[in-house]
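Read through the structure below, which is laid out as structure tokens, and then see the notes.
In our numbering, the protein residues as written are 3 to 159.
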């Protein structure tokens with residue numbers, strides 16, 4: 003399993019915990035052990051640039067996901083094939099504001115956004131109410147399972 007975190011944001015976060023969470027999600031969703039994931043932590047100007055390039059939307063955002071090999075969750079009998087899951091970009095400065103507004107820590111928010119980003123890479127979405135219920139329910143389940151406590155309130159819409 004290749005999970006890389008590259009912190010270019012200038013904000014100190016627990017990168018080892020982001021890797022551990024990602025490994026946990028891979029195991030829970032039966033992602034091939036050789037699947038690759040890249041997590042890039044960027045500042046607001048860099049995130050705004052990515053947001054414009056990838057989504058054609060102005061302004062910074064909290065998390066962006068760029069799937070590569072369009073992998074989906076596996077099963078115990080059929081894990082996903084080996085491949086590139088994709089890239090996640092997270093902006094800790096935006097995450098800090100969201101965490102404060104939601105009443106939890108920056109690290110809790112970073113774990114929430116990491117989980118959210120990985121689920122997007124696996125094809126989950128929240129555009130429709132049914133999709134949102136499924137994605138956010140799984141997000142809460144994964145975060146609670148990893149941390150051993152109630153998942154933080156969703157801050158991503």
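For each residue, glycine too, the CB sits at the ideal point set by N, CA and C.
Which residues in the same chain have their Cβ closer than 8 Å to the Cβ of residue i, if we skip the five residues on either side of it in sequence?
i: residue 44; result: 10, 11, 52, 91, 92, 93
Does DSSP put residue i in a helix, in a strand, or in coil?
i: residue 110; result: helix
i: residue 101; result: helix
i: residue 159; result: In this prediction, residue 159 scores a pLDDT of 49, lower than 50, which makes its location untrustworthy; the coordinate-derived value is nonetheless stated afterwards. Three-state DSSP puts residue 159 in coil, outside helix and strand.
i: residue 32; result: coil
i: residue 59; result: coil
i: residue 154; result: coil
i: residue 117; result: helix
i: residue 126; result: coil
i: residue 94; result: helix
In this structure, what does DSSP give as the bridge partners for residue i?
i: residue 4; result: 38
i: residue 89; result: 40, 68
Taking the beta strand (DSSP E) that residue i falls in, what are its first and last residues?
i: residue 69; result: 65 to 69
Starting from residue i and walking both ways along the alpha helix (DSSP H), at which residues does that stretch end?
i: residue 135; result: 131 to 149
i: residue 1; result: Since the displayed the chain opens at 3 and closes at 159, residue 1 lies outside it and no answer follows.
Quick one: residues in its chain with C-beta nearer than 6 Å to the C-beta of residue i, no 5 flanking neighbours on either side, listed in chain order?
i: residue 69; result: 88, 123
i: residue 23; result: 113, 116, 148
i: residue 153; result: 142, 145, 146
CB-CB under 7 Å to residue i, same chain, minus the five flanking residues each way: which ones, in chain order?
i: residue 38; result: 4, 86, 87
If residue i sits next to residue j, beta carbons under 8 Å apart, how far is it from one beta carbon to the other, in whole angstroms?
i: residue 15; j: residue 108; result: 7 Å
i: residue 120; j: residue 81; result: The pair is not a contact, with the Cβ atoms about 15 Å apart (cut-off 8 Å).
i: residue 64; j: residue 100; result: 6 Å
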